[in-house]
Each structure stands twice: as C-alpha cells, then as structure tokens.
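*Asks:* The numbering of the sequence shown is numbering that gives the first Met the number 0, which starts it at 0 and goes up by one.
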Amino acid sequence: MKKALPFLLLLAAAACSSPAPKPAKSYPIVDSLLKVMTLEEKVGQTVLLTSDWTVTGPSMREGYLEDIRAGRCGNIFNAYTADYTRKMQEIAVNETRLGIPLLFGYDVIHGFRTIFPINLGMSCSWDVAAIEEASRIAASEAAAAGLHWTYSPMCDISVEPRWGRISEGAGEDAYLGSLIAAAMVRGYQGDDLSDVRTVLACVKHYAAYGAPQAGRDYNTVDMSERWFREFYLPPYMAAVDAGALSVMASFNELDGVPATANPHLLQDILRGEWGFRGFVVSDYTGINEMVMHGYAEDVEDAGRLAMNAGLDMDMQGASYMDYMVGLVRSGKVRSSTLDAAVRRILTVKAELGLFDDPFRYCSPEREASETLTEANKAAARKMAAESMVLLKNDGVLPLQKGRRTAVIGALAASKDDLLGSWRGAGQVEAVPVSIADAIGEVAPVVYAEGAKEMGEDRSGFASAIAAARKADQVVLVIGENCNWTGEAASRSSINIPGVQTELLEKLAATGKPIAVVLLNGRPLDLSKESELASALLEAWFPGTMGGYAVADVLFGDFNPCGKLSVTFPRNLGQVPVYHYAKNTGRPYIHPEAKYESRYLDVPNEPLYAFGHGLSYTSFEYSDITLEGDSRSEPGMTELKGDGALTATITVTNTGSREGTETVQMYIRDLVGSVTRPVKQLKGFERVTLAPGESRTVSFTISAETLSFYRQDMTWGPEPGSFKLFIGGSSDNTKEADFNYAE
Ligand code: BGC
Numbered sequence: 000m001k002k003a004l005p006f007l008l009l010l011a012a013a014a015c016s017s018p019a020p021k022p023a024k025s026y027p028i029v030d031s032l033l034k035v036m037t038l039e040e041k042v043g044q045t046v047l048l049t050s051d052w053t054v055t056g057p058s059m060r061e062g063y064l065e066d067i068r069a070g071r072c073g074n075i076f077n078a079y080t081a082d083y084t085r086k087m088q089e090i091a092v093n094e095t096r097l098g099i100p101l102l103f104g105y106d107v108i109h110g111f112r113t114i115f116p117i118n119l120g121m122s123c124s125w126d127v128a129a130i131e132e133a134s135r136i137a138a139s140e141a142a143a144a145g146l147h148w149t150y151s152p153m154c155d156i157s158v159e160p161r162w163g164r165i166s167e168g169a170g171e172d173a174y175l176g177s178l179i180a181a182a183m184v185r186g187y188q189g190d191d192l193s194d195v196r197t198v199l200a201c202v203k204h205y206a207a208y209g210a211p212q213a214g215r216d217y218n219t220v221d222m223s224e225r226w227f228r229e230f231y232l233p234p235y236m237a238a239v240d241a242g243a244l245s246v247m248a249s250f251n252e253l254d255g256v257p258a259t260a261n262p263h264l265l266q267d268i269l270r271g272e273w274g275f276r277g278f279v280v281s282d283y284t285g286i287n288e289m290v291m292h293g294y295a296e297d298v299e300d301a302g303r304l305a306m307n308a309g310l311d312m313d314m315q316g317a318s319y320m321d322y323m324v325g326l327v328r329s330g331k332v333r334s335s336t337l338d339a340a341v342r343r344i345l346t347v348k349a350e351l352g353l354f355d356d357p358f359r360y361c362s363p364e365r366e367a368s369e370t371l372t373e374a375n376k377a378a379a380r381k382m383a384a385e386s387m388v389l390l391k392n393d394g395v396l397p398l399q400k401g402r403r404t405a406v407i408g409a410l411a412a413s414k415d416d417l418l419g420s421w422r423g424a425g426q427v428e429a430v431p432v433s434i435a436d437a438i439g440e441v442a443p444v445v446y447a448e449g450a451k452e453m454g455e456d457r458s459g460f461a462s463a464i465a466a467a468r469k470a471d472q473v474v475l476v477i478g479e480n481c482n483w484t485g486e487a488a489s490r491s492s493i494n495i496p497g498v499q500t501e502l503l504e505k506l507a508a509t510g511k512p513i514a515v516v517l518l519n520g521r522p523l524d525l526s527k528e529s530e531l532a533s534a535l536l537e538a539w540f541p542g543t544m545g546g547y548a549v550a551d552v553l554f555g556d557f558n559p560c561g562k563l564s565v566t567f568p569r570n571l572g573q574v575p576v577y578h579y580a581k582n583t584g585r586p587y588i589h590p591e592a593k594y595e596s597r598y599l600d601v602p603n604e605p606l607y608a609f610g611h612g613l614s615y616t617s618f619e620y621s622d623i624t625l626e627g628d629s630r631s632e633p634g635m636t637e638l639k640g641d642g643a644l645t646a647t648i649t650v651t652n653t654g655s656r657e658g659t660e661t662v663q664m665y666i667r668d669l670v671g672s673v674t675r676p677v678k679q680l681k682g683f684e685r686v687t688l689a690p691g692e693s694r695t696v697s698f699t700i701s702a703e704t705l706s707f708y709r710q711d712m713t714w715g716p717e718p719g720s721f722k723l724f725i726g727g728s729s730d731n732t733k734e735a736d737f738n739y740a741e
C-alpha cells in the first residue's frame with residue numbers, strides 16, 4: 000500500500016513551530032525533516048551512488064536498491080529516462096520512512112540528446128548568449144528525462160594542451176571563461192530552479208584542476224595564491240555568483256592539500272568570501288583517493304577530513320556511507336557539521352521543487368516531444384559553425400558547390416567522432432550525416448579513407464592520392480578520435496597521431512590545394528600542417544549536426560567567425576604559452592641576442608595566438624580614440640579615481656561578404672607593485688557587418704578594469720601608465736596609451 004507523502008505532514012507541523020533564523024533561503028520542510036531524521040537517515044542524504052547501464056537501459060545494483068529503501072542513499076547519478084527515474088523515485092518516496100525524494104545527477108556537458116560542439120569549441124564562438132541558449136536546451140532535454148542536476152559548467156582554465164580535459168573547458172582566459180561559466184549557469188538553472196525545464200548546475204572541478212603538472216590527468220597542482228586567484232579562480236566565482244547551487248571538489252591537490260578536504264577552498268573562499276549557500280560534492284571516489292594522496296590514514300579518516308572541511312556529499316566512494324555514523328558517534332565529526340551538510344542538500348532539493356512534487360521532472364511526454372527537436376538541432380548546427388576557427392586560408396576556401404570533391408580521411412566518414420567525449424545521452428543514431436555525407440549533398444564526392452586517425456597503416460594512401468588527382472577540390476579530415484580527449488586522455492605529444500600528416504604530405508605533393516578540416520579536442524602542434532595545407536579549419540568535435548556545419552563553413556553558406564580561446568603552440572616545447580605572459584627582465588627583442596628570454600630553435604610567438612581566427616571577408620580597424628576625465632599631458636588621456644574612460648574604434652568590413660568579427664580589448668599595466676601581463680583580455684564585442692559597412696565599437700575602462708591583486712593581496716588598481724590594445728586577435732591590435740590617477 001502506498002504511504003501518504005510523509006514530508007507533507009511534516010510541512011504542516013513545521014508551519015506551527017518557529018524555525019531558527021537562517022542566513023539563506025529556508026524551507027520549513029527542511030527544518031522539520033532535520034528534527035525527525037535519524038543519524039543514519041541524515042548520512043544517507045550525503046551519499047551519491049551510480050546507476051548502471053545495461054543493454055536494456057538503466058539499472059540499479061540490487062544492493063544499491065536496498066540502500067535507497069533503507070534511506071542510506073539519497074542521491075543517484077548516471078540514471079535517466081523519465082520512466083526509470085520515476086521508478087527509482089517511487090521507491091524513495093513510498094518505501095522509505097521519511098519519503099525524501101532522490102536527486103538525479105548526470106554529466107550533461109555539451110548537450111543531452113542534441114549534442115553541441117565540445118566546450119572548448121563553443122568557447123571559440125565567443126558568443127556568450129548562444130552558449131547560454133545551448134545550456135538551456137541541454138537542461139530542458141535532460142530535465143524531461145527525469146534529471147535534476149548536471150555536472151557542469153566545467154570552469155577549469157587551462158594552458159596545458161597535453162591534458163585531455165582541456166576540451167571540456169573554455170580555454171586559457173579567466174575573463175572569457177567567467178562570462179561563459181556564468182552564462183552556462185543561467186542557461187541550466189534559469190530564473191527558477193523548480194521550473195521543470197531547468198536543472199541544477201554544478202561548478203567543477205573546484206579548483207585549478209586544469210593545471211596538472213606535465214599535463215597528466217589527476218596530477219599535482221601547485222601555484223602561487225596570487226596566480227591562482229587572478230588566472231584560475233574567477234570562472235568558478237562567476238558561476239557561483241550566477242547562482243549555481245552545487246560545486247564539485249576536484250581530484251587534485253593544491254598547495255599540498257587535496258581539494259576534497261581543503262578548508263581554504265571550501266570554507267575560506269567558497270563559503271566565506273563568496274557566500275556560497277549550496278552544497279559541495281566530491282568528484283568520483285575523491286574522498287577515498289585522499290588515502291593514496293598521502294593525506295588521510297584510511298577511508299574513514301578521509302571521510303572525517305572531508306566532512307570537517309565542508310564537503311557535503313560523497314560521490315560513489317561510500318566513505319560517508321560506511322563511516323559517517325561512527326565518526327559522529329565518536330565525536331570526530333560534530334553532529335552540527337553533518338546537520339549543516341544535510342540542510343544544504345535538502346534545501347537544494349526543496350529549491351528544485353522536489354518536496355512539492357518528486358515526479359515533476361519525469362515526463363515521458365516532454366521527453367518524446369521536446370528532445371532532439373528541429374529547433375534544438377538548428378541551434379546545435381549554428382553553434383557548431385560558430386565554434387569553428389579558420390586558422391589559415393590562402394584562398395582555397397570557400398569551396399565551390401557542384402565541383403568534383405575528393406573527401407579523404409577516416410574521420411570524414413565517422414559520425415561517432417563528431418560527438419566528442421562526454422556526449423551525455425547523445426547517440427550516434429541521431430547524427431544525420433558524417434562530414435563526407437554532408438559534402439555529398441552539395442557536391443559530387445569521391446571518398447577515400449587514406450589513413451585512419453591512429454596507427455601506421457599506409458595502404459590507403461594510393462587510392463587517396465588518385466582521388467585527389469582526379470578531383471577539382473580536396474578536403475582532408477584529420478585529427479584525434481573522440482577517445483583521445485576528455486578524462487584520462489592526456490598525451491605526451493600534441494602532434495596529429497598516426498600517419499595522417501604523412502598522408503597530407505603526399506596529397507600536397509600532387510600540387511592540388513588541400514583544405515584540411517581538423518577534429519580534435521586540444522591545441523595541437525600544427526607546424527607542419529600549416530605549411531602543407533592551403534586552408535586549415537579547426538572544427539573541434541562539432542556535435543550532432545557537425546557534419547552539416549562543416550559543409551556550411553567549407554562551402555561558404557556560413558562565414559567562419561570563431562576565434563581561438565586558447566593559444567596553439569608551435570611545438571610542445573613552448574608549453575605553457577598563453578597571451579597573458581609576463582615581460583620578464585630580459586624580453587626577447589633583439590633577433591641576434593643570446594641572453595634574452597628566448598628559444599634557439601623556435602620563435603617565442605605561438606603558431607596561432609589567442610583570439611586568432613579568419614573570415615571569408617576582411618576587417619579593417621581604425622585608430623583608437625580615447626575619451627577620459629582629463630588630459631595629463633598632450634595626447635595622454637587620464638582616467639581618474641571612479642571615473643571612466645571610453646575607448647572607441649571603428650571596424651569596417653572591407654571584403655565582399657557579410658561577416659562577424661569579435662573585437663577584442665586588452666590592457667597592460669606598465670609598472671605595478673607586482674609585475675603585470677603584457678596583454679590581458681578585458682573586453683570584447685561581436686559585430687556583424689555587411690560588405691562595406693562600418694561600426695563603431697566602444698569599451699568602457701574603469702578602475703575595476705585595471706584592478707589586480709596588489710603586492711599586499713588587496714584587489715584594486717594602481718596609478719600609472721597603461722597600454723590599451725584593440726583588434727581582431729591578441730597578436731594583431733591597435734594601441735593607445737593612458738594614465739590612471741587615484
Ligand atoms: C569526473 C567528473 C564527472 C564525474 C561523474 C569524474 O570522473 O572527473 O567530471 O562529473 O566523474 O561522472
């Protein structure tokens with residue numbers, strides 16, 4: 000027999016009592032529950048266990064089902080579909096003593112069923128509104144399948160191309176990364192978390208997971224507090240500020256302390272400085288791993304350290320499940336500490352509306368009608384095109400429709416690789432076309448595999464060369480396969496794998512111009528390819544509609560507009576290389592000098608700078624006009640105290656096609672109490688211009704724009720001279736000077 004929802008009775012009881020004042024939003028149901036929950040039931044709310052997936056769909060281990068029934072597990076991840084989550088929820092609501100609903104989480108990283116480009120790709124669109132929309136679509140599809148919670152946005156800044164997970168983030172820059180992180184949270188959570196088309200966001204991996212030594216996943220992270228706060232921390236903060244109500248602790252240690260039990264991260268910064276009021280979850284068995292880190296004696300000790308540091312929920316490690324009751328009974332964890340964790344988790348469940356209707360998200364109807372819709376696919380196709388970066392073009396692109404086209408490369412025929420890593424519930428069956436198929440819809444295609452993306456097999460070279468010889472135009476698709484990026488996919492080389500570059504060499508030797516399309520999830524060493532290819536289009540892993548989007552760009556139906564959100568080095572030896580580097584005491588200025596900060600074998604400049612990206616049209620920039628508070632000396636504009644400076648530039652489309660340009664603003668503080676980057680992104684604006692059209696773009700510069708962590712670690716500006724740069728790439732800018740006076 001079904002029980003009445005017990006929490007409804009508790010809600011009525013709570014209305015009569017007077018709850019203690021709470022700093023954040025409070026729900027009477029949470030107070031009531033905390034009063035009646037046993038210690039075991041409280042611990043159950045801090046436990047997150049995985050569901051499995053078999054040929055017949057999602058399934059739950061029998062032992063875990065028992066745990067749910069007994070109130071030992073309050074949260075599930077990796078399970079979806081409206082029917083399945085309803086079944087699980089029925090167990091929690093009807094068969095447990097208090098009927099507390101389960102929370103269902105999943106990695107919805109760049110789409111749920113409709114897969115958008117990988118996140119690094121999306122960040123190259125610099126189209127923050129479109130990224131917000133992509134997240135909104137992902138949330139609505141996921142929520143219809145019964146999910147409440149996505150493990151996204153991934154806010155890890157990275158300058159480390161060896162690291163496979165650089166593909167999941169927004170690149171190297173904290174300013175761009177912060178705007179994207181906040182947009183994703185808004186897209187997922189909307190204005191109202193209880194809306195059935197929204198999901199709870201999870202800010203991960205907190206913190207600095209993107210800086211593993213030597214680029215090896217899960218490896219040690221160590222950097223100064225100043226560097227951490229200025230270049231790594233801002234996107235996490237932006238996501239929390241945007242209202243994210245959960246945070247995932249990262250696997251790595253920082254300054255010797257694993258993030259999972261790091262009071263500086265979890266208490267001082269997250270809850271103290273930022274006022275975060277949601278809950279913190281560990282990463283997958285992150286608590287247990289503190290034993291291997293050499294930070295905890297055993298798994299019990301790890302649970303003690305994590306809970307006492309402010310980590311509320313244990314993902315899959317069962318440390319809390321097995322030991323927390325004992326830890327509280329023995330006084331090693333205060334019951335008030337556990338209560339605070341449980342309160343945070345239950346409060347989020349209340350915000351999701353789960354106590355009002357635990358089944359509100361499970362909707363087979365919405366799942367069927369609002370998933371993979373034409374509108375969602377159109378958004379994914381546009382986003383995929385916007386994310387592509389035209390790295391090089393000597394005029395071979397755009398290709399002409401109707402001409403004989405040789406399409407070469409195993410990746411050109413792959414639908415699976417288009418989806419990239421962490422593809423949510425995206426299925427290859429939903430991918431309408433491969434790149435070769437899509438090209439085949441606009442031109443007669445001869446396809447030749449030529450080379451696989453891995454391995455040494457050259458047996459396909461001859462037929463690929465023959466196909467190229469007979470064709471009017473040649474497209475070669477090369478790169479990494481989708482398993483070579485993402486988690487646990489670090490590489491010690493950033494070259495294109497296998498014999499793909501050798502194939503390019505052979506094809507180029509035919510004398511035909513070769514348009515190369517790249518599928519990959521990290522900055523690669525393209526030094527050879529950039530010489531051999533006539534055009535290089537970085538297409539990342541472009542998602543469900545990626546085949547069409549590549550053809551849209553190749554044949555000029557979409558004019559490419561992506562700009563790199565991460566620097567492409569000339570070779571691995573230059574790594575880390577990023578646009579906000581310092582000048583050093585011996586900057587490389589003189590070509591013949593030896594004792595300057597330089598390499599003997601390659602220039603200091605990367606192959607493709609941050610912000611770089613070409614178009615089929617061209618843009619011209621006027622000089623910068625600066626208007627400020629006063630003129631301190633002839634020609635020198637001054638910004639004073641709380642005033643503002645307006646920097647204006649006119650951008651003209653000097654080509655013959657409409658195009659979108661991302662106008663970027665960078666700043667340099669010439670002298671500081673600590674040294675400052677030679678260029679730092681501080682603003683950008685995307686403008687779409689018809690041929691011949693000009694547009695004036697203005698940026699406002701205030702004291703906040705100039706602020707940084709000064710020598711005493713206070714945040715603020717310092718008076719002095721500044722340089723301003725505005726242009727279409729970090730290495731192609733106009734300059735102006737100004738002063739700041741307090
Ligand atoms: C990853 C997380 C992910 C979690 C759950 C971990 O291995 O580091 O990013 O959210 O698994 O799938």
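Heads up, the beta-carbon is just placed ideally off N, CA and C, and yes, glycines get one too.
(1) So if I measure from each beta-carbon to every heavy atom of the ligand BGC and keep distances below 5 angstroms, which residues remain?
(2) To test your reading of the DSSP string, which unbroken beta strand (DSSP E) runs of 3 or more residues are found completely within the region 22 to 95?
(3) Report all residues from its chain with a CB closer than 7 angstroms to the CB of D126; omit the five preceding and five following residues, and keep chain order.
(4) So, at 6 angstroms on beta carbons, what are the nonlocal neighbours of K639 in its own chain, with the 5 sequence-adjacent residues on each side left out?
(5) Pop quiz: S58 and D66 are said to be a contact at Cβ under 8 angstroms. What is the actual Cβ separation, rounded to whole angstroms?
(6) Have a look at the DSSP bridge pairing and note the partners of A144.
(7) Spatial neighbours of K681 within its chain, please: CB distance less than 8 angstroms, with the 5 preceding and 5 following residues excluded, ordered by chain position.
(8) Measure the C-alpha to C-alpha separation of A305 and N251 and round it to an integer number of angstroms.
(9) Kindly indicate which three-state DSSP category L798 falls into: helix, strand or coil?
(10) Just mark Q399 as buried or exposed, buried being the case when its beta carbon has 16 or more other beta carbons within 10 Å.
(11) Does L536 come out as helix, strand or coil in the three-state DSSP assignment?
(12) Under a three-way DSSP split, which group does R667 fall into?
(13) Whole angstroms is fine: what's the gap from D556's alpha carbon to W539's?
(14) Roughly how many angstroms lie between the CA atoms of T674 and Q266, to the nearest whole one?
(15) What residue does the beta strand (DSSP E) around D736 start on, and which one ends it?
(16) Might you give, ordered along the chain, the residues of its own chain that have their beta carbon closer than 6 angstroms to the beta carbon of L269, omitting 5 neighbours on each side?
(17) Where does the unbroken alpha helix (DSSP H) through T500 begin, and where does it stop?
(18) With three or more beta-carbon pairs closer than 8 angstroms as the criterion, would you say the region 440 to 452 touches the region 374 to 394?
(19) Would you please state the rounded distance, in angstroms, between the beta carbons of V515 and L535? I believe it to be under 8 angstroms.
(20) Could you say which of L192, A702 and C201 lies nearest to D641 if we only look at CA atoms?
(21) When the cut-off is 8 angstroms and only beta carbons count, does H147 lie next to chain C?
(22) Pull up the distance between the alpha-carbon of R365 and that of V195, whole angstroms please.
(23) Exposed or buried, what is N731 when buried is set at 16 or more other beta-carbons lying within 10 Å of its beta-carbon?
(24) Can you grab the Cα-Cα spacing for the pair L613 / V696, in whole Å?
(25) Report the partner residues of T659 according to the DSSP bridge assignment.
(26) Please list, in chain order, all residues of the same chain as Y322 whose beta carbon is under 6 angstroms from its beta carbon, the five residues on each side excluded.
(27) In chain order, what residues of the same chain lie with their CB nearer than 6 angstroms to the CB of Y587, ignoring the 5 residues before and after it?
(28) Please list, in chain order, all residues of the same chain as F683 whose beta carbon is under 8 angstroms from its beta carbon, the five residues on each side excluded.
(29) Could you tell me the alpha carbon to alpha carbon distance between E167 and G634, rounded to whole angstroms?
(30) In three-state terms, what does DSSP make of H109?
(31) Residues in the same chain with beta-carbon distance under 6 angstroms from A241, minus the five sequence neighbours each way, listed in chain order, please.
(32) CB-CB under 6 angstroms to H611, same chain, minus the five flanking residues each way: which ones, in chain order?
(33) Compare the beta carbon distance of L337 and K41 with 8 angstroms and say whether it is the shorter of the two.
(34) From the DSSP output, read off the bridge partner residues of V332.
(35) Hey, how far is the Cα of A548 from the Cα of G497?
(36) Since A412 and V473 should fall inside the 8 angstroms C-beta cutoff, what is the C-beta to C-beta distance between them, to a whole number of angstroms?
*Replies:* Reading off the structure:
(1) D106, Y150, D282 and Y283
(2) 46 to 49, 51 to 53, 56 to 58 and 74 to 76
(3) Position 127 of the sequence shown, counted from the first residue, corresponds to residue 126. These residues qualify, in order along the chain: E385 and R685.
(4) Taking the sequence shown and counting its residues from 1, the one referred to as residue 639 is at position 640. The answer, listed in chain order, is D628 and A740.
(5) Along the sequence shown, one-based indexing puts residue 58 at 59. Along the sequence shown, one-based indexing puts residue 66 at 67. That pair is no contact at about 15 angstroms.
(6) Mapped onto the sequence shown, residue 144 falls at position 145. Paired residue(s): C361.
(7) Counting from one through the sequence shown, the residue named residue 681 turns up at place 682. Around K681: Y174, M664, Y665, I666, F698, I700 and T704.
(8) Residue 305 sits at position 306 when you count from the first residue of the sequence shown. Residue 251 sits at position 252 when you count from the first residue of the sequence shown. Each residue's alpha carbon lies about 14 angstroms from the other.
(9) For the chain, the structure presents residues 0 to 741; residue 798 sits outside this window and is missing.
(10) To locate residue 399, count along the sequence shown from 1; it is residue 400. Its Cβ having fewer than 16 others within 10 Å, Q399 is exposed.
(11) Within the sequence shown, numbered from 1, the residue matching residue 536 stands at position 537. In the structure shown, L536 sits in a strand (DSSP, three-state: E or B).
(12) Sequence index remark: in the sequence shown, residue 667 carries index 668 (1-based). If DSSP states are grouped into helix, strand and coil, R667 belongs with the strands.
(13) In the sequence shown, residue 556 corresponds to position 557, counting from 1. In the sequence shown, residue 539 corresponds to position 540, counting from 1. Taking the straight line joining both Cα atoms gives about 19 angstroms.
(14) Taking the first residue of the sequence shown as position 1, residue 674 is located at position 675. Taking the first residue of the sequence shown as position 1, residue 266 is located at position 267. Using only the alpha carbons, I get a separation of about 29 angstroms.
(15) Sequence index remark: in the sequence shown, residue 736 carries index 737 (1-based). Segment N731 to A740, the beta strand (DSSP E) holding D736.
(16) One-based indexing of the sequence shown puts residue 269 at position 270. Excluding positions up to five away in sequence, the list reads F275.
(17) If you number the sequence shown from 1, residue 500 lands on position 501. Segment Q499 to A507, the alpha helix (DSSP H) holding T500.
(18) no
(19) Taking the first residue of the sequence shown as 1, we reach residue 515 at position 516. Taking the first residue of the sequence shown as 1, we reach residue 535 at position 536. Between L535 and V515 the Cβ distance is about 5 angstroms, and since that is below 8 angstroms, they are a contact.
(20) One-based indexing of the sequence shown puts residue 641 at position 642. Nearest C-alpha to D641: A702.
(21) Included in the structure is just one protein chain, with no chain C present.
(22) On the sequence shown, position 366 is the one that residue 365 refers to. On the sequence shown, position 196 is the one that residue 195 refers to. Spanning the two alpha carbons is a distance of roughly 10 angstroms.
(23) Position 732 of the sequence shown, counting from 1, holds the residue named residue 731. Its Cβ having fewer than 16 others within 10 Å, N731 is exposed.
(24) Indexing the sequence shown from 1 puts residue 613 at position 614. Indexing the sequence shown from 1 puts residue 696 at position 697. Straight-line Cα distance between these residues: approximately 19 angstroms.
(25) Here the question's residue 659 lines up with position 660 in the sequence shown. Note: T659 sits in a beta bridge opposite T687.
(26) Counting from one through the sequence shown, the residue named residue 322 turns up at place 323. Excluding residues within five positions, the ones whose Cβ falls inside 6 angstroms are E299 and G302.
(27) Residue mapping note: residue 587 aligns to position 588 of the sequence shown, counting from 1. Excluding residues within five positions, the ones whose Cβ falls inside 6 angstroms are E595, S596, R597 and N603.
(28) Translated into positions along the sequence shown, residue 683 becomes position 684. Here the set comprises W125, L175, T661, V662, Q663 and M664.
(29) In the sequence shown, the residue the question calls residue 167 occupies position 168. In the sequence shown, the residue the question calls residue 634 occupies position 635. So the two alpha carbons sit approximately 45 angstroms from each other.
(30) Indexing the sequence shown from 1 puts residue 109 at position 110. Three-state DSSP puts H109 in coil, outside helix and strand.
(31) Translated into the one-based positions of the sequence shown, residue 241 becomes position 242. These residues qualify, in order along the chain: A181, V184 and R185.
(32) On the sequence shown, position 612 is the one that residue 611 refers to. Only L563 and S728 meet the Cβ criterion.
(33) By one-based count along the sequence shown, residue 337 stands at place 338. By one-based count along the sequence shown, residue 41 stands at place 42. Yes, Cβ-Cβ distance for L337 and K41 is below 8 angstroms.
(34) Counting from one through the sequence shown, the residue named residue 332 turns up at place 333. According to DSSP, which records beta bridges pairwise, V332 is partnered with nothing at all.
(35) Taking the first residue of the sequence shown as 1, we reach residue 548 at position 549. Taking the first residue of the sequence shown as 1, we reach residue 497 at position 498. Cα to Cα, the separation comes out at about 26 angstroms.
(36) Residue 412 sits at position 413 when you count from the first residue of the sequence shown. Residue 473 sits at position 474 when you count from the first residue of the sequence shown. Not quite, the Cβ-Cβ distance comes to about 15 angstroms (not below 8 angstroms), so this is no contact.
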